[in-house]
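Those sequence lines, one after another, are chains U and L. For the first sequence, my numbering assigns the number 1 to the initial residue and increments by one for each residue that follows. For the second sequence, my numbering assigns the number 1 to the initial residue and increments by one for each residue that follows. Note that beta-carbon positions come from the ideal geometry of N, C-alpha and C, so glycine has one too. Note that the structure is predicted; figures quoted are calculated from it, not measured. Note sheet for the following structure.
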Amino acid sequence: MLRSLLLLFLRVLRIVLANGAAQSATTHTSAEPKRKRATQKPSRYSAASRQSTQSVESPSDTTDGPAAPTNPTSVLDEQESAITLDAQKATPVATSGDVQPTFVDGEETPASLEAIVEAKVAERLDHFVERAEFDASGVNIEKSIASASDFVSAATIPDEPNYDGVAESQRLDAHEPESEREVTGVFSDAEPSLFAAAPIVAPSSSRELADGDIQCSESTTNAIANETQSSDVSTIGVVPVAGRPPFSDGDQGTDFSAEERRESVRGTKAISARSNVLRRTPRREATTEPFVGLVTPVSDAYSIWNRAIIRSALQHSEAGDEIYLSITPSVLAATLNDSESTFLSADEAAAQFIGAVREMYQSRVLTHARKLETLRRCGSDGLPECVAFLALSVLAAYRMHTDEDTAATAYYKRLDELLCCGISPTGMPLGFDGDGFHNLWAFLGAWLSREKGQRLAMPHENAGTRRFLALPLTHVPLREVDIERLPTFFEWAGYAPGEHVASDALNAALVHWVRSYGGFTRAGNDALVDDRKSAVLAQVAQELASWDGSTTDAQGRRTAPVEIYLHWRRRIPILSYLPRRPAVFPATFDDGDHILDAGQDGWYEPSEINADESELLTGFSWETSVGGLTFVLRRHGSEAIAMAPSEFEGPISHGALVMGAPGAVVCADSVLPQVSPYLERITGKRCAHQPAPGIRAGWTLISDVRPVRRESPPPGFETLAIESNVEIVASGGLRLGSRRAWIADAPPRVIVTGYEPGDEIRLDDARVTIDDDGAIIDDGRLALPGSHVIKVGHARYRLDTVQPEVAASLSERSKEADLQKQYVVALPAGCWTIIGSHQSDVARAASDGTQRSILKACTFRPVWAISVRPRGAVVRRLTSPVPYPAPFARKTVTWAMSAWANAIYAAHVRHPKFESEAGAPEFANATWMAYAQVSKNIKRALKATRR
Amino acid sequence: MNGDTILYWMTHLAEGSWQTFKDAVERLATDEDSGKLVTSIRYHLSDLAHADFFIGGSRRWFTRPPVLAGLADRDAAVLVGGRTPELVDTLTSAAERFNCEVVIERYGARPSAIRVSGERTRFSDIAATAGIRFSENHAYALCGGLRPVSQNIDRLPLETAPTHWTVRSFDFDSMAMIEGLHRNSACEYRPRHGVPRWYVHTKQQRLSPLPKRDAIYAAAAIRGVSLLTYEADDQRLIAKRVALPPEAIVRIACLCSGRPPRVEGDSVYFENVPQAVGGLLCVAAGQPLPKPGTQTTARSGL
C-alpha cells in the first residue's frame with residue numbers, strides 16, 4: 001500500500017519536474033550571458049529531458065576551432081547526473097557526474113544518453129521506493145516523502161549558477177612521482193587535436209591567461225590519462241574555464257575527484273566546446289555525527305583488525321600528538337602481532353586484513369542504502385568502526401606506483417582491487433563516495449580529539465583537486481618504491497629489527513642518509529623536507545618496528561646480518577655467531593662450510609665462534625643459493641662491537657650501548673687503550689677484561705658494561721656510543737613461538753633500558769620498580785594468565801600469559817594414528833608364510849643371504865608363521881592366545897584363500913615342529929588342528945571348483 | 001626445575017626447533033648443568049613417547065599426541081604424548097570415576113610419569129572421558145613402525161665425504177670414538193661451524209647418512225657385533241651404555257614397563273619386555289633373533 005502511494009506521488013513529481021525542466025531551460029537560455037555557466041540539477045523524470053537528448057549536436061557541428069574559445073564549458077556534477085543546457089541552442093544536454101556516458105568511436109550518441117538518463121531515473125526511483133519501504137517498516141512515512149521532496153527540490157534548476165569564477169592555478173597532485181615532469185601547457189579551447197601543439201608557458205603565467213585558455217601541466221594530463229586508464233592523453237578533452245584551470249578547487253571548495261574530472265572531460269568532449277555550463281556546489285562541511293540506524297554487524301576478523309590498528313596507532317603517542325595510519329603489509333603484520341599476539345608474515349597479514357575489510361564492505365556498506373555512512377559510528381567496543389576501512393584506503397594509496405598494469409596514480413583502481421566490488425560509473429568503487437569518505441576521516445579525527453586528545457593527520461585545506469585522495473596519501477607519504485629502500489637505511493644506521501628510535505634521532509639519521517646516499521625517490525626526498533616530514537618519520541618508525549632484518553643488495557641477493565651473542569655456561573662466557581633469519585631465508589643455511597638450522601623464530605641457531613683475529617676485524621660473508629635465490633649472511637668488520645640486552649639469555653651485538661642496560665663490548669686488543677678508558681668513564685667503574693672466547697688471539701671481551709653517564713665515544717668508535725631509547729625487552733621464560741605470549745608457569749623477565757630516572761614504569765597500570773639489572777619486579781603478576789601491558793614513557797609493551805592447551809595439530813595426528821595400524825613380525829632367516837585367522841590373511845617373508853633375521857610388517861594380525869623345508873616344516877606361533885580360524889562358508893576360493901590353505905596343509909601333512917615366541921607352544925595344538933581342518937575344507941572347495 | 005613445564009610448553013606448541021628446546025630447558029635450569037639437563041630431558045621425552053626429535057634429519061622436535069598407553073603389565077597404563085595440567089586433572093578425575101588409581105612418578109628435573117592402574121577394561125572409558133585415545137598394547141603397536149637398520153643401509157643414498165670436515169669413527173673394540181675414518185664403522189664428520197653429521201661406512205667403502213645410534217647399530221650389523229642382549233627368563237633387554245639402540249627401539253622397550261631404562265654400571269636395562277617384543281627389537285636393531293626360551297648374550301663378533 002505504502003509503495004503504491006509513493007509510486008503515485010513520484011509519478012506526479014515526475015510530471016511536475018518535466019515541466020519545470022523545460023521552463024528552466026528556456027529561462028537560462030534567455031537570461032544567462034553567453035559565457036556564463038548555468039548548472040542544472042538533474043531532472044530525472046523529465047520526458048523533456050529525454051527528448052532533448054535527441055537534439056544534441058555533434059562536436060563537429062559546434063566547434064568553432066582553436067581560435068574561437070568563446071564558449072568554454074566544463075560540465076561537472078559531483079553527485080548526480082545532470083541535464084546541462086546548451087547555452088546557444090537552449091537544448092538540454094545530458095551529462096553525467098556519476099553516470100558513465102557511452103561512446104561510439106569516441107562520440108557520445110543521443111541514444112546512449114537517453115539510455116543513461118532512463119537508467120538513472122529508474123535507479124533513483126528504486127532508491128526512493130527502497131527508502132520509503134525501509135522507513136515505512138520502522139520509522140515514518142512522512143520522512144520518506146520529505147526525503148523524496150528534498151530530492152525533487154535538489155533536482156530543480158537553481159536560479160543562479162553558484163560558480164564563483166575564482167581562478168586558481170594549482171598543482172594537481174602534490175605527491176606526484178618524480179617521473180611525472182611538471183611541464184605546463186596552455187590549451188586553447190577543447191579541441192583535443194590541438195593539445196599536442198599547445199604552447200608551453202611557465203606556471204607563473206597561468207593567472208595571466210586569457211579567458212578561455214587553461215593551464216594544464218603535463219602531469220595533470222598524465223594524471224587524467226592515468227585515471228581514465230587511457231593510453232592516449234590527447235584523446236581527452238579539457239574544457240577551458242575562464243581564468244581558472246579545469247578541475248581546480250575554488251575558494252568555496254568545489255570537490256572534484258579524479259573521476260569527476262574524468263567524467264567532465266568525457267562529457268565535454270562529447271557535448272562540444274559550446275556547452276559552457278558549469279555547475280559548482282560549495283564544499284560540504286564534513287559530518288562528524290555518528291550514523292544512527294540499523295546496520296549489519298561487522299565480523300570478528302574486522303573487529304580484531306580495527307582494534308589492532310587503533311591500538312598500534314596510539315601506542316607510542318600522547319595527548320596532542322598527531323596520529324598517522326601508516327599502513328603497509330609489514331606494519332599490519334607487526335600490528336597484529338603486537339595487539340593480538342598472532343604472528344603472520346607481511347603478505348599473510350595483508351591478505352587477511354584485506355579479506356576482513358572486503359567482507360565487511362560487501363556485507364555492510366554495499367547492502368545499505370547509506371553506503372559509507374554506515375561506518376561512521378562506534379562499535380560495541382567503543383572504537384570507531386571505520387578505522388580498518390580507512391586503513392585499507394591507506395594501503396591502496398601505498399600500493400600506487402607499484403605495477404605496470406595500472407597507471408601509477410590510479411588510486412581508485414587500486415582501492416577496487418582491494419575491495420573487489422567493481423567500479424561504479426563514477427570511476428570509484430561501488431558504494432564509495434568522496435564526501436562519505438571524507439566524513440569518515442573527519443569522524444575518526446573528532447573521536448581521537450574527543451577521546452584521546454590527539455589529532456588525526458589530515459591534508460591541508462588547499463589539498464586541491466585530489467582532496468579525497470589526499471586523505472589516505474597523507475598517511476603514506478612514502479610509497480612502496482621508497483619503503484623498499486628503508487632496510488638499506490636501517491642497516492646503514494645500525495638499527496636492530498623492532499627497535500624504537502626517538503623521532504629526533506631518526507630524523508637526523510634519515511636526513512644524513514638521504515644526503516649521503518640519495519635515499520628515496522625524488523618524491524620521497526621531497527616529502528622528507530616539506531610539511532609531510534612528520535608523516536615520513538612516523539612511517540619510517542613503523543617500518544623499523546616491523547623490519548625483519550633483511551635487505552636486498554644491488555645484485556638481488558637477500559642479505560641478513562650475523563650478530564654476536566654472549567652467554568654463559570657454568571659461568572664461562574661463550575661467544576657465538578647468531579645469524580638473523582628473515583622469513584624468506586631457507587630453514588637450513590648451508591654454504592658448504594657452515595650449516596645453520598633455523599632456531600628461534602627469526603634466527604638461525606647460534607654457532608660458537610671459532611675464528612681467527614681477522615674474521616671479526618674484516619668482516620665475512622656466507623652465501624648460499626636455494627631455488628634460484630641467493631641468500632647472504634654477513635657481518636661487517638669492526639674493531640669494537642657493542643652488545644645490549646636481547647630476548648636471549650645474554651646480550652647480542654647492537655648498534656650502540658644502551659644507557660642503564662647491562663651490556664658488553666668485544667674489541668680488538670689494538671684498540672683496547674682507547675676503548676677501555678672510555679668504558680670506565682661511562683660506567684664509572686673498571687670493567688672486567690678477558691680474552692674473547694672462541695677467537696684465537698687479539699680480541700678482548702669486556703663484560704658487565706652498564707653505561708651510567710653520557711659521553712661521546714672516541715673518534716672512530718661510534719658503535720660504542722650510548723643511546724637512550726627506552727626499550728622494553730622480554731627475556732627468558734617459555735615463549736609460545738613468535739607470539740608475545742608466555743606459558744603461565746614460566747613468564748619472562750622484563751627488562752627496561754634507556755629510561756630516565758623520572759620515568760614512571762607501569763605494569764597493568766600499577767606502578768612497579770626495577771632491580772639492579774633493569775628487570776621489572778612484578779611480584780608474580782606476569783605469571784597470572786591474561787594480558788599484561790608495560791608502559792615506560794612513550795614505550796609500551798604488551799605480552800600475554802596463557803595456560804597451555806593441547807595444540808590442535810596434535811589432535812589431528814591422534815586421529816591419523818588410529819587409521820595407521822600395522823603389525824610386525826620378527827622371524828629367523830628363511831622363507832616364511834605368515835597367516836592370520838581369516839582365510840585371506842596371508843603374507844610371505846623371505847631373507848636374503850646376508851640377513852640373520854627378518855622383520856615383516858603386515859596389515860592383519862599374524863597368528864602363525866609357517867616355513868616348509870625339505871626336512872620338515874616349522875610352525876611358529878606369533879600370538880597368544882591363538883584365535884580360532886574364521887569358518888569357511890564360501891563356495892568360491894580366491895588366490896589368497898588358496899595360499900592360506902596350502903601353507904597350513906603343507907605344514908600339517910609334514911608333522912611340523914612348533915615354535916613360539918609368545919608362550920608355551922603345546923597350548924596351541926588344538927587351535928592348529930582347527931586351522932588344518934579349515935584348510936582341508938578350502939582345498940576340497942578348490943577341487944570342486946576345478947571339476 | 002620442573003620438567004613438566006617443558007612438556008606443557010611443548011604440548012602447546014606441537015613442534016619447534018632444537019634450539020628453542022635447548023633454550024627453554026636452559027632458561028628453566030637453575031644451578032644445574034644445563035647441558036646435561038638438556039640431554040637428559042630430551043631422551044626422557046623421547047623414550048617415554050612424549051616427543052620426537054630430529055625426525056627425518058631435521059633439527060626439530062615434534063610433540064606426540066596424548067595417548068593412554070597400555071603396558072605389558074596388563075593392569076597398568078601410562079599417559080604418553082603431550083599433556084597439560086588440565087588434561088592430567090581430567091584424567092585423574094576419570095580414573096577415580098572408574099575405580100582406577102593415578103600415580104604420578106617423579107624423575108627429578110625430568111617430566112613425571114602419569115601411571116594409571118586398575119582394571120584394564122576401564123582404561124578405554126577413562127581415556128574417552130579425558131578425550132584422548134587408548135592404545136591397548138602400545139609397545140607392540142609402535143613396533144609397526146619399526147624398520148631394521150640393516151635394511152636401511154641398502155636403501156640409503158650414498159654421499160661423498162664432506163671436505164674440510166674433521167672425522168671420527170666409533171671403535172667397537174674400545175667402545176669409544178677414535179680419530180679418522182675406519183672401514184665398516186659409524187663415523188662422525190664435524191664442520192667448523194654447525195652441527196656434525198653421522199654416516200655409516202659401508203662394505204663398499206661408501207658413506208650413508210644415518211642418525212648417530214642408527215649408524216652405530218648399522219655398523220655393528222655389518223661387522224656382526226652383538227650390542228643387545230635379551231633375557232627371556234627375566235623379560236629384559238640389556239644394552240651397552242655407550243651404544244644405546246636407536247630411539248625408536250628404546251622407546252618401545254621403555255613403553256613395555258612405562259618407565260625409563262635403569263642404568264647400572266656400563267649397562268642399561270629395559271624391564272618387562274615380552275619375548276615377542278624383545279625379538280622384534282633385536283631384529284630391528286640388526287641383532288640376531290633371540291631363541292625362544294633361551295638366552296642370547298652379547299659377544300664381540302670381531
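- In chain order, Thr296 place their CB closer than 7 Å to the CB of Ser363 of chain U, counting only its own chain and leaving out the 5 sequence neighbours on each side.
- Tyr269 of chain L sits close to Arg236 of chain L, with the two beta carbons spaced by under 8 Å.
- Spanning the alpha carbons of Asp778 of chain U and Pro715 of chain U requires a straight line of approximately 41 Å.
- Taking every protein chain shown into account, the CB of Ala583 of chain U has fewer than 16 other CB atoms within 10 angstroms, so this residue is exposed.
- Against chain U, the beta carbon of Glu26 of chain L has neighbours under 8 Å at Glu649, listed in chain order.
- Between Gly436 of chain U and Lys371 of chain U, the C-beta spacing is below 8 Å.
- At a cut-off of 8 Å between beta carbons, Pro804 of chain U contacts chain L.
- The three-state secondary structure of Ile835 of chain U, taken from DSSP, is strand.
- For Lys943 of chain U, the uninterrupted alpha helix (DSSP H) segment begins and ends at Asn925 to Arg946.
- Using a Cβ-Cβ cut-off of 9 Å, His50 of chain L is close to nothing in chain U; its nearest Cβ partner there is about 11 Å away.
- Near chain L, meaning a CB-to-CB distance below 7 Å, the residues of the stretch 607 to 622 of chain U are Ser607 and Asn610.
- Taking a beta-carbon distance threshold of 8 Å, Tyr823 of chain U counts as an interface residue toward chain L.
- Rounded to whole angstroms, the separation of the alpha carbons of Glu723 of chain U and Ala808 of chain U is 44 Å.
- Residues of the stretch 827 to 844 of chain U that bring their beta carbon within less than 9 Å of a beta carbon in chain L comprise Leu827, Pro828 and Ala829, in sequence order.
- Look at His438 of chain U here: in three-state DSSP terms it is helix.
- For the 8 Å CB-CB criterion, Ala744 of chain U and Leu799 of chain U do not form a contact.
- When the alpha-carbon of His594 of chain U is set against those of L:Arg223, L:Arg192 and L:Lys291, the nearest one is in L:Arg192.
- For Ser150 of chain L, the C-beta contacts it makes with chain U under 7 Å involve Gln851, in order along the chain.
- Shortest Cα-Cα distance from Gly194 of chain L to any of L:Ala49, L:Asn2, L:Trp18 and L:Met1 involves L:Trp18.
- For Val909 of chain U, the three-state secondary structure derived from DSSP is coil.
- Ranked by Cα distance from Glu289 of chain U, the options U:Ile854, U:Ile682 and U:Asn439 are led by U:Asn439.
- For Gly733 of chain U, a Cβ of chain L is located within less than 8 Å of the residue's own Cβ.
- Pairing Pro487 of chain U with Ala356 of chain U, the inter-Cα distance amounts to about 29 Å.
- A straight line joining the alpha-carbon of Tyr324 of chain U with that of Ala313 of chain U spans about 7 Å.
- Around Asp800 of chain U, no beta-carbon contact reaches into chain L at under 8 Å, the shortest distance being about 12 Å.
- Put simply, the CB of Asp173 of chain L is far from chain U, with every gap to its CB atoms at 8 Å or more.
- With respect to Leu430 of chain U, Gly445 of chain U sits apart: the two C-beta atoms are not nearer than 8 Å.
- Between the alpha carbons of Arg241 of chain L and Arg64 of chain L lies a gap of roughly 26 Å.
- Between Arg767 of chain U and Ile790 of chain U, the alpha-carbon positions lie close to 10 Å from each other.
- His689 of chain U carries a strand assignment under DSSP once its states are collapsed to helix, strand and coil.
- If you draw a straight line from the Cα of Asp764 of chain U to the Cα of Ser787 of chain U, it is about 9 Å long.
- The beta carbons of Asp669 of chain U and Trp699 of chain U sit closer together than 8 Å.
- Proximity of Arg236 of chain L to chain U, defined by a Cβ-Cβ separation below 8 Å, is not satisfied.
- Contact annotation: in the stretch 41 to 74 of chain L, residues whose CB is within less than 9 Å of a CB in chain U are Ser58, Arg59, Arg60, Phe62, Thr63, Arg64, Pro65, Pro66 and Val67.
- In summary, Ser853 of chain U is buried, with 16 or more beta-carbon neighbours lying within 10 Å of its beta-carbon over all protein chains present.
- Taking the Cα of Leu45 of chain L as reference, the smallest distance to any Cα among L:Ala76, L:Ala109, L:Ser58 and L:Gly57 is reached at L:Ala109.
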